Amino acid sequence: MLVTARSLTHEYPQRKKGTLQAIDGIDLDIRPGEFVALIGPSGCGKSTLLRILSGLLEPTEGSVKLNGQPPGEMVAVKRIAWLVQNPALLPWKTVRENIALAQRINPQNHRPLHPVDNLLTLVNLGDFAEAYPFTLSGGMQQRVALARTLALGADLWLMDEPFAALDELTREQLTREVLRLWSRELPIANRDDVRLERHSPRSTPSSATVIWVTHHIYEAVRLADRVLVMTARPGRIAAEIPIKLPRPRDDRQPEFQAAVADLRALLTSG
Numbered sequence: 003m004l005v006t007a008r009s010l011t012h013e014y015p016q017r018k019k020g021t022l023q024a025i026d027g028i029d030l031d032i033r034p035g036e037f038v039a040l041i042g043p044s045g046c047g048k049s050t051l052l053r054i055l056s057g058l059l060e061p062t063e064g065s066v067k068l069n070g071q072p073p074g075e076m077v078a079v080k081r082i083a084w085l086v087q088n089p090a091l092l093p094w095k096t097v098r099e100n101i102a103l104a105q106r107i108n109p110q111n112h113r114p115l116h117p118v119d120n121l122l123t124l125v126n127l128g129d130f131a132e133a134y135p136f137t138l139s140g141g142m143q144q145r146v147a148l149a150r151t152l153a154l155g156a157d158l159w160l161m162d163e164p165f166a167a168l169d170e171l172t173r174e175q176l177t178r179e180v181l182r183l184w185s186r187e188l189p190i191a192n193r194d195d196v197r198l199e200r201h202s203p204r205s206t207p208s209s210a211t212v213i214w215v216t217h218h219i220y221e222a223v224r225l226a227d228r229v230l231v232m233t234a235r236p237g238r239i240a241a242e243i244p245i246k247l248p249r250p251r252d253d254r255q256p257e258f259q260a261a262v263a264d265l266r267a268l269l270t271s272g
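Each step along the sequence shown adds one to the number in the working numbering, with nothing skipped, and position 241 is 243.
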């Protein structure tokens with residue numbers, strides 16, 4: 003397992019006496035190469051869980067291992083990438099420089115690094131390499147942030163509603179782009195002999211693992227191998243829904259709509 007968590011619980015101190023419990027007793031087992039979606043009501047602890055997995059937050063109780071080691075070990079060698087709603091680009095650097103920065107801070111990456119020009123092409127920003135972030139739309143800025151995430155060559159992608167602030171059409175386009183890039187595993191020379199499966203679940207030793215936080219039911223079904231449904235605060239894992247549909251997935255398929263209906267029923271049942 004790449005991610006193993008046992009009995010994760012976290013409480014935040016409050017200004018007045020007492021604590022606020024965000025998550026309670028969460029167990030996780032996530033294989034290398036899996037695409038797992040986390041879905042649940044607002045405030046149920048999804049972002050808290052990602053912070054714990056990233057090593058940014060120590061759980062009040064429980065333990066987490068990434069590839070058998072504490073999260074800090076993977077953080078130290080830049081094997082975790084994080085993409086959030088705010089693209090957090092450096093405004094004084096160009097698109098090319100923002101992407102290249104990820105490789106500069108991770109010069110000893112264990113994975114083959116992709117040339118910045120290749121990444122620009124992959125996210126359809128080849129004509130904007132020398133542009134500054136303030137000249138780009140929100141969707142284009144998130145493409146830059148996505149390319150920067152890929153530039154790290156990380157094993158684990160933590161995606162905290164990265165496209166939630168975008169309009170629906172742009173959001174759908176970018177989520178499909180993420181899936182395309184993940185499923186292709188990027189065109190690097192020594193992967194020519196890797197045969198990619200078109201059916202879920204997809205798991206190969208060289209694949210990145212993705213944990214994707216979302217409120218969007220269709221997005222979860224479109225992207226994930228498994229969907230983990232969380233309860234209201236304190237967040238617990240209420241159900242696990244495997245999505246055994248071939249990719250690319252068609253929203254109009256009866257099987258897709260059935261998976262959406264099952265997931266919606268779980269979320270609305272309380």
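Cβ atoms here follow ideal geometry from the backbone N, Cα and C, with glycine treated the same way. Because the structure is a prediction, the values reported are computed rather than measured.
Beta-carbon proximity of residue i to residue j, cut-off 8 Å
{"i": "M232", "j": "L68", "result": "no"}
{"i": "L230", "j": "V180", "result": "no"}
{"i": "S44", "j": "V215", "result": "no"}
{"i": "I32", "j": "T11", "result": "no"}
{"i": "I239", "j": "L160", "result": "no"}
{"i": "L52", "j": "D227", "result": "no"}
{"i": "A275", "j": "I101", "result": "Only positions 3 to 272 of the chain appear in this structure, which leaves residue 275 out of reach."}
{"i": "L85", "j": "T172", "result": "no"}
{"i": "A156", "j": "Q87", "result": "no"}
{"i": "L176", "j": "V146", "result": "no"}
{"i": "I245", "j": "A261", "result": "yes"}
Backbone CA spacing between residue i and residue j [nearest angstrom]
{"i": "I107", "j": "E257", "result": "44 Å"}
{"i": "L183", "j": "T123", "result": "12 Å"}
{"i": "V5", "j": "T21", "result": "27 Å"}
{"i": "P34", "j": "A83", "result": "15 Å"}
{"i": "L158", "j": "T211", "result": "5 Å"}
{"i": "T270", "j": "F130", "result": "43 Å"}
{"i": "L247", "j": "W94", "result": "44 Å"}
{"i": "V1", "j": "P73", "result": "In the structure as shown, the chain starts at 3 and stops at 272, and residue 1 therefore has no counterpart that could be examined."}
{"i": "D119", "j": "Q23", "result": "45 Å"}
{"i": "P207", "j": "K18", "result": "Bear in mind that a pLDDT of 37 at P207, under 50, signals an unreliable position, so the model cannot answer this."}
{"i": "S185", "j": "L138", "result": "27 Å"}
{"i": "R254", "j": "E170", "result": "17 Å"}
{"i": "E174", "j": "L225", "result": "11 Å"}
Sequence-distant residues of its chain with Cβ nearer than 8 Å to residue i (five each side left out)
{"i": "S9", "result": "G27, I28, D29, E63, G64, S65"}
{"i": "Q143", "result": "P89, L91, P135"}
{"i": "E60", "result": "I54"}
{"i": "L103", "result": "L92, K95, R150"}
{"i": "A241", "result": "L230, V231, L268"}
{"i": "S56", "result": "P73, V77, I82, W84, L160"}
{"i": "E99", "result": "L92"}
Beta-bridge pairing of residue i - partner residues as DSSP gives them
{"i": "Q23", "result": "E13"}
{"i": "V212", "result": "F37, W159"}
{"i": "D252", "result": "According to DSSP, D252 bridges with nothing at all."}
{"i": "I28", "result": "L10"}
{"i": "A241", "result": "V231"}
{"i": "V5", "result": "I32, L68"}
Cut-off 6 Å between Cβ atoms - residues of its own chain near residue i, not counting five sequence neighbours on either side
{"i": "G140", "result": "L168"}
{"i": "E75", "result": "none"}
{"i": "R222", "result": "It should be pointed out that residue 222 corresponds to Ala in this sequence rather than to Arg. Closer than 6 Å at the Cβ level, and outside the excluded window around A222, lie A39, I41, T216, V229."}
Cut-off 7 Å between Cβ atoms - residues of its own chain near residue i, not counting five sequence neighbours on either side
{"i": "C46", "result": "M232, T233, A234, R235, G237"}
{"i": "D252", "result": "F258"}
{"i": "R266", "result": "I219"}
- Starting from the N-terminal side, write out each stretch of the beta strand (DSSP E) that is 3 residues or longer and does not extend beyond the region 47 to 116. 63 to 68, 82 to 85
- Message: Just to confirm the assignment: which complete alpha helix (DSSP H) runs, minimum length 4, are found wholly within the region 115 to 139?
- Response: 118 to 124
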